[in-house]
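Asks: What follows is a single structure, and I will ask about it in a moment.
Number of protein chains: 2
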Amino acid sequence: MPAHEFPLPVVLLIVFGSAKLMGEIFVKLRLPALVGEILAGAVIGPSALGWIAPNDTLKALSDLGVMFLLFDVGLQVKAHELLRVGGTAMLVAMLGVIVPFFAGWGILLAWGAPQTEAVFVGASLVATSVGITASSLSARGLLQEVASKIILAAAVIDDVLGLIVLAAVSSLAQGRVNFLEIAFTAGMAAAFTVILAKWGTAAVNRILPHFHSRADAEDAQFHLSLIVLFALSALAIYTGVAAIVGAFLAGLALSDTADNRVRDLTRGVNELLVPFFLVGIGLHLDLSAFRTPATLALALVILAAAILTKLIGCGLGAASLGWQNVLKIGLGMVPRGEVGMVVAQIGLSMKVISTEVYAVVVFMAIATTIVTPLLLKIAFRGPSLKPVRT
Amino acid sequence: MPAHEFPLPVVLLIVFGSAKLMGEIFVKLRLPALVGEILAGAVIGPSALGWIAPNDTLKALSDLGVMFLLFDVGLQVKAHELLRVGGTAMLVAMLGVIVPFFAGWGILLAWGAPQTEAVFVGASLVATSVGITASSLSARGLLQEVASKIILAAAVIDDVLGLIVLAAVSSLAQGRVNFLEIAFTAGMAAAFTVILAKWGTAAVNRILPHFHSRADAEDAQFHLSLIVLFALSALAIYTGVAAIVGAFLAGLALSDTADNRVRDLTRGVNELLVPFFLVGIGLHLDLSAFRTPATLALALVILAAAILTKLIGCGLGAASLGWQNVLKIGLGMVPRGEVGMVVAQIGLSMKVISTEVYAVVVFMAIATTIVTPLLLKIAFRGPSLKPVRT
C-alpha cells in the first residue's frame, strides 16, 4: 500500500491539492468541479499514478466528509417541506427500486448468470446514494427547488427500501427467508426516519436551548450540534439505515435552531473533508477488470440500465409534475455510490457473485456517480441562485 | 482493540461527547476545559472504561487536530513580532534544553541506570510540545502578550534543538557519531524555519493573490490556505522538524492575507478536531506500569524534574524580563507531549531503555501536559482579554 509510505501531511497535500486542482480545471472547462475531484482520485489512485491507495484513515476522512455533507444539506432544508412532498417521494422511491431491480435481474439472467447472482445484481442497482446529488444541488444553490426536495425525501425512503431488499436478498442466498426479522428491521428503520423527520425539529427546538443556556464554553451551540449529528448517525446505524441518513436527519432537526455561526463552522469542516469523500470514490475505480470484451459489454449494458431504470422508474413516480421535473428527479436519483458496492461485496463474500460481476457493479456505482453531476447540469439548466465566483 | 468494534459515528460520539462533557464540568469547577478534555481520554481509554483504544484513525484525527491548532495559532501572530523577540527566545530555548537534559541524565545515573539509558531519558526531557500551551493561551486570548510570543518562538527553536539532540543520541546508541550528518540535519531544519519565519509572509503576500484572482471556486482562499498548510507541514517533515512546526509557520505566513472568512472556516475544523488531539493524549495514560514503589518514585522525581528544569532553564533565559514573565515563560515550556514519547520509543526499539523507564517517560510526557494549563492559569492571572461566555 503506497499510502503507508507517505506521512499524513503528504497524503493530505496530494489528496486535497489534486482534488482542488482538477476541480478548478473542470470549472474552467465549464464542467462540474465535483467530477474533477472524483477523477483526481482516479488519477492519483492505484489505477493510474498509484501515489495513494485506499486505507483506514482515508476511509474515515471520507465517511466523515459525506456525513458532514449530508448534515449541511439537512441544515438547508426544513423537515415540514420534505413531509409535504412525502407522497410523491414515496412513489418515486418505490418505482425507483422496483424498475432497476427487475432490469438488473433480467439482464444477468439473459447474460447466462445463475439465479442468485442475478438477484444480487438487481439488488445492487436498487439503492440511490444521494451524496453526489446533494453536493451538486447544494453547490449550485438549487436545494430550494421542489424537485430537489423530492429527491432528498425519496433518497431517505429509498435507503429504507434498500435495507429491506438487502435483508431479503441476503437471507435468500442463505437459503431461508425470515419474514419476521425482515419486517422488524424494516419497521425499526422506518420508525427511526419517520419519527425524526416528523418530530425531530420540534424536539431539538425544545431541548437544545435548555442545554445551551447552561453551557459555558465558547461555540457551545456548535458542539451541541455536532453531538446531535454523531448521536443520530450512530443511532441510524443501529436501526439499520445508513449513517448519512442519520446525519441528514440531524441537519434537518437542527435547521430551525442553527444560526449563521454554526453554519459557517460546519462549512469549514465540509470544505476540508468533502474532497476526501469525492477523491475516495475515484480511488476505487479499477479498469483492469475489463480485459475481456464480454465483461466490458456487460459493464456498459449495466451502466446504461442503471441510468435509464432510475430515470424511468423515479420519473414515472413524479409524472404528475411535468417532464422537466421528471428529468431532474429521475437523474438526481441515478448515483449508486457505496450502497451498490456494499451489496456486491456481501454477494462476493457469500460466493454467489463472481469477481467479474463484482467489478461490473463497482464500475456501475462509480460511473453513475461521475455522470450524475454532468446530467444534472443539463437538467437544472437556467440561472443558478448562487453566484459561482464570490 | 475495542475501538474496532464500534462504527465510526459511535467512536466520534464517545470521543467528542465525553471531551465536551468533561470540559464543561471542568469549567464549572473553575479549572481549564483543556484538562477536562485530556482526562476524558483517560476515562474512556484502556486505563479506565476501555470503550476506546488508540488506533490509526484516531491517530490521524489527532494529528490533523494539532496541525490545525498550531495553524490557527500561527494565524493569530505576526512573524515580525516573533523575530523581534528572537534573541530572548533563543536563550530560553537553549537553556531549556541543556538544564533538563543534564538533570534527567543525572537522576537516572543516581538511580543506577546504565549510561545509554540515562542519556535517552535526558533527551526525552528536552523537547517542548507547544500544542497544549498554544491552545491554552489561544483559548484565553493571551497570544498577544510578550511572554506568549517568546514561548511560541522558543518552542520552534526548541524543536530544531530537540532534533539535533535526538540525532546525536540515536547515533551514540548505535556506537558511532556522524557529526557531518548531524550538522546537515540541523542546518536543513534551521534553514527551513528561519527562511519561512523571515520571508514566508512576504512570499505568500506576493504569490497568493495571483492564484486567488484566477480561481473560480467559492472559498478558494480557504482552499489555497489549506494547500499552503499541508505543503509546509509535509516539507517540515522532510527537513526533519515536526509537522506542527510547519503548520505553525504556515499560519504565520498567512497571518497577513487570511481574512475573517478563512479564520472562521479554520475555527470550524478546529472545534471538531482539537478534542481528538486532547482525548488522544489521555488515551495513552497507562497507570498499570507503576506496580512497584521504586518505579512510582522515579516517575514522580522525573515529573518534578521535568517541571522544575524547564521553569529554571527557560526562566533563566528570560530573566531580564522580570519574575512574572520568567514564571509565564518557564511554565509555558513545561509540556513534553509526544516528542518525549517518541524519544523513549526509539530507545525502547533500540533496547537501551527498559519498559519500566519507558512507562515513566510516557507518564512524565502526559502529566506535564495535564498540569501546564493549571499552572498557566495561575501564572497568567488577571483579566482575560476574551470573555469566556459569548
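Respectively, the protein sequence lines represent chains A and B.
If you want the working numbering, it's the position in the first sequence, counting the first as 1, plus 315.
If you want the working numbering, it's the position in the second sequence, counting the first as 1, plus 315.
Even for Gly, the Cβ is constructed at its ideal location relative to N, Cα and C.
May I have the straight-line CA-CA distance separating A:GLY630 from B:ALA363, to the nearest angstrom?
Replies: Taking the first residue of the first sequence as position 1, residue 630 of chain A is located at position 315. Taking the first residue of the second sequence as position 1, residue 363 of chain B is located at position 48. Approximately 55 Å between the Cα atoms of the pair.
Asks: For B:LEU731 versus B:ALA418, is the C-beta spacing smaller than 9 Å?
Replies: Outside the shown range of chain B (316 to 705) lies residue 731 of chain B, about which nothing can therefore be said.
Asks: Consider the Cβ of A:GLU533: report whether some Cβ of chain B lies at a distance smaller than 9 Å.
Replies: Taking the first sequence and counting its residues from 1, the one referred to as residue 533 of chain A is at position 218. Taking Cβ atoms only, chain B reaches closer than 9 Å to A:GLU533, which makes this a yes.
Asks: Compare the beta carbon distance of A:ILE644 and A:GLY632 with 9 Å and say whether it is the shorter of the two.
Replies: Position 329 of the first sequence, counted from the first residue, corresponds to residue 644 of chain A. Position 317 of the first sequence, counted from the first residue, corresponds to residue 632 of chain A. In this structure, A:GLY632 lies closer than 9 Å to A:ILE644 by Cβ.
Asks: Check for me: the alpha helix (DSSP H) holding B:ARG529 runs from which residue to which?
Replies: Sequence index remark: in the second sequence, residue 529 of chain B carries index 214 (1-based). B:ARG529 -> alpha helix (DSSP H) spans 494-529.
Asks: Which full runs of the alpha helix (DSSP H) of 4+ residues lie inside the region 616-687 of chain A, going along the chain?
Replies: 638-647, 652-664
Asks: Quick one: using the 10 Å Cβ neighbour count with 16 as the cut-off for buried, is A:THR448 buried or exposed?
Replies: Taking the first sequence and counting its residues from 1, the one referred to as residue 448 of chain A is at position 133. Counting Cβ neighbours within 10 Å, A:THR448 comes out buried, since at least 16 surround it.
Asks: Quick one, which of A:SER444, A:PHE383, A:SER450 has its alpha-carbon nearest A:LEU547's?
Replies: For this step, residue 547 of chain A is matched to residue 232 along the first sequence. Cα-wise, what sits closest to A:LEU547 is A:PHE383.
Asks: I want to see whether chain B comes within less than 9 Å of A:ALA318, judged by CB atoms only; does it?
Replies: Reading the first sequence from its first residue, position 3 is the one you call residue 318 of chain A. Only weak support exists for where A:ALA318 lies, its pLDDT of 43 falling under 50; the coordinates are left without a value.
Asks: How big is the Cα-Cα spacing for A:LEU539 and B:ILE596?
Replies: What you label residue 539 of chain A is simply residue 224 of the first sequence in a count that begins at 1. What you label residue 596 of chain B is simply residue 281 of the second sequence in a count that begins at 1. Linking A:LEU539 to B:ILE596 through their CA atoms gives a straight-line distance of about 23 Å.
Asks: With a 10 Å radius around its C-beta and 16 neighbouring C-beta atoms as the bar for buried, classify B:ASN585 as buried or exposed.
Replies: Counting from one through the second sequence, the residue named residue 585 of chain B turns up at place 270. B:ASN585 comes out buried.
Asks: Taking contact to mean 3 or more Cβ pairs, one atom from each stretch, closer than 8 Å, check whether the region 383-392 of chain A and the region 553-565 of chain A are in contact.
Replies: yes
Asks: Assuming B:ILE367 and B:VAL330 make a contact with CB atoms under 8 Å, what is their CB distance in whole Å?
Replies: Taking the second sequence and counting its residues from 1, the one referred to as residue 367 of chain B is at position 52. Taking the second sequence and counting its residues from 1, the one referred to as residue 330 of chain B is at position 15. Right, the Cβ-Cβ distance comes to about 6 Å (below 8 Å), so this counts as a contact.
Asks: Quick one: is B:LEU548 near chain A, going by C-beta distance under 9 Å?
Replies: Stepping through the second sequence from its first residue, residue 548 of chain B is reached at position 233. Correcting the residue identity first, residue 548 of chain B is Ser in this sequence and not Leu. Yes, B:SER548 counts as interfacial toward chain A.
Asks: Tell me the rounded alpha-carbon separation between A:GLY380 and A:LYS374.
Replies: Position 65 of the first sequence holds residue 380 of chain A. Position 59 of the first sequence holds residue 374 of chain A. Computed Cα separation, rounded: 10 Å.
Asks: Which residues in chain B sit within 9 Å of A:ALA557, going by Cβ to Cβ distance?
Replies: Taking the first residue of the first sequence as position 1, residue 557 of chain A is located at position 242. Under the 9 Å cutoff, chain B gives no residues; its nearest Cβ is about 10 Å from A:ALA557.
Asks: Using a beta-carbon distance below 9 Å, is B:VAL475 in contact with chain A?
Replies: As a first step, residue 475 of chain B is located in the second sequence; it is residue number 160 there, counting from the start. Not closer than 9 Å to any Cβ of chain A, the Cβ of B:VAL475 fails to qualify, so no.
Asks: Using a Cβ cut-off of 9 Å (strictly closer), state whether B:PRO322 contacts chain A.
Replies: Counted from its first residue, the second sequence places residue 322 of chain B at position 7. Yes - at least one Cβ of chain A is within 9 Å of the one on B:PRO322.
Asks: Answer yes or no: does any C-beta atom of chain A fall closer than 9 Å to that of B:THR607?
Replies: Here residue 607 of chain B refers to the residue found at position 292 when the second sequence is read from its first residue. No - not a single Cβ of chain A is within 9 Å of the one on B:THR607.
Asks: Between A:GLY401 and A:ALA468, which are expected to be in contact by the criterion C-beta below 8 Å, what is the C-beta distance as a whole number of angstroms?
Replies: The count along the first sequence starts at 1 and reaches residue 401 of chain A at position 86. The count along the first sequence starts at 1 and reaches residue 468 of chain A at position 153. About 6 Å separates the two Cβ atoms, so the contact holds.
Asks: Count the other C-beta atoms from every protein chain shown that fall within 10 angstroms of the C-beta of B:PHE545, then say buried if there are 16 or more, exposed otherwise.
Replies: Mapped onto the second sequence, residue 545 of chain B falls at position 230. It counts as buried.
Asks: Look at the alpha carbon of A:LEU598 and the alpha carbon of A:THR431, and state the distance between them as a whole number of angstroms.
Replies: Counted from its first residue, the first sequence places residue 598 of chain A at position 283. Counted from its first residue, the first sequence places residue 431 of chain A at position 116. Distance between the alpha carbons of A:LEU598 and A:THR431 is about 29 Å.
Asks: Can you name, in chain order, every residue of its own chain whose Cβ lies under 6 Å from the Cβ of A:VAL649, other than the five neighbours on each side?
Replies: The sequence position of residue 649 of chain A within the first sequence is 334, counting from 1. ILE622, LYS625, THR683, THR687.
Asks: At 7 Å on the CB atoms, spell out the chain B contacts of A:ARG582, in chain order.
Replies: Reading the first sequence from its first residue, position 267 is the one you call residue 582 of chain A. Within chain B, the residues near A:ARG582 are LEU580, GLY583.
Asks: Measure the C-alpha to C-alpha separation of A:GLU671 and A:LEU478 and round it to an integer number of angstroms.
Replies: Locating residue 671 of chain A in the first sequence gives position 356, counting from the first residue. Locating residue 478 of chain A in the first sequence gives position 163, counting from the first residue. Note on geometry: alpha-carbon atoms of A:GLU671 and A:LEU478 lie some 24 Å from one another.
Asks: What does a CB cutoff of less than 6 Å around A:ILE617 pick up in its chain, not counting 5 residues either side in sequence?
Replies: For the purposes of this step, residue 617 of chain A is taken as the residue at position 302 of the first sequence. VAL675, MET679.
Asks: When DSSP labels each residue in this structure, what does B:GLY351 get in the three-state scheme?
Replies: Within the second sequence, numbered from 1, the residue matching residue 351 of chain B stands at position 36. In the structure shown, B:GLY351 sits in a helix (DSSP, three-state: H, G or I).
Asks: Mind checking A:GLU339: buried by the 16 CB within 10 Å criterion, or exposed?
Replies: Numbered from 1 along the first sequence, position 24 holds the residue referred to as residue 339 of chain A. The residue is buried, with at least 16 neighbouring Cβ atoms inside 10 Å.
Asks: Are the Cβ atoms of A:ALA462 and A:PHE605 separated by less than 9 Å?
Replies: Here residue 462 of chain A refers to the residue found at position 147 of the first sequence. Here residue 605 of chain A refers to the residue found at position 290 of the first sequence. No; because the gap between Cβ atoms is not below 9 Å, this pair is not in contact.
Asks: Can you find a C-beta in chain A that's less than 9 Å from the C-beta of B:ASN370?
Replies: Indexing the second sequence from 1 puts residue 370 of chain B at position 55. Yes, contact with chain A.
Asks: Report the three-state DSSP secondary structure of B:HIS538 (helix, strand or coil).
Replies: On the second sequence, residue 538 of chain B is found 223 positions in, with the first residue counted as 1. In the structure shown, B:HIS538 sits in a helix (DSSP, three-state: H, G or I).
Asks: Going by C-alpha distance, which of A:VAL492, A:THR443, A:VAL556, A:ILE522 is nearest A:VAL412?
Replies: Locating residue 412 of chain A in the first sequence gives position 97, counting from the first residue. The residue with the shortest Cα to Cα distance from A:VAL412 is A:THR443.
Asks: Indicate the three-state DSSP secondary structure (helix, strand or coil) for B:PHE591 in the structure shown.
Replies: Residue mapping note: residue 591 of chain B aligns to position 276 of the second sequence, counting from 1. Of the three classes helix, strand and coil, the one that applies to B:PHE591 here is helix, per DSSP.
Asks: So, with DSSP's three-state summary, where would you put B:THR403?
Replies: Locating residue 403 of chain B in the second sequence gives position 88, counting from the first residue. It is helical.
Asks: Give the DSSP-derived three-state secondary structure of A:VAL703 in the structure shown.
Replies: The residue you call residue 703 of chain A lines up with position 388 of the first sequence. Confidence at A:VAL703 is low in this model, with a pLDDT of 42, below 50, so its placement is unreliable and the value that follows should be read with caution. Here A:VAL703 sits in coil by DSSP.
Asks: So, is the C-beta of A:ILE552 closer than 9 Å to a C-beta in chain B?
Replies: The residue given as residue 552 of chain A occupies position 237 in the first sequence. Chain B contact via Cβ: present.
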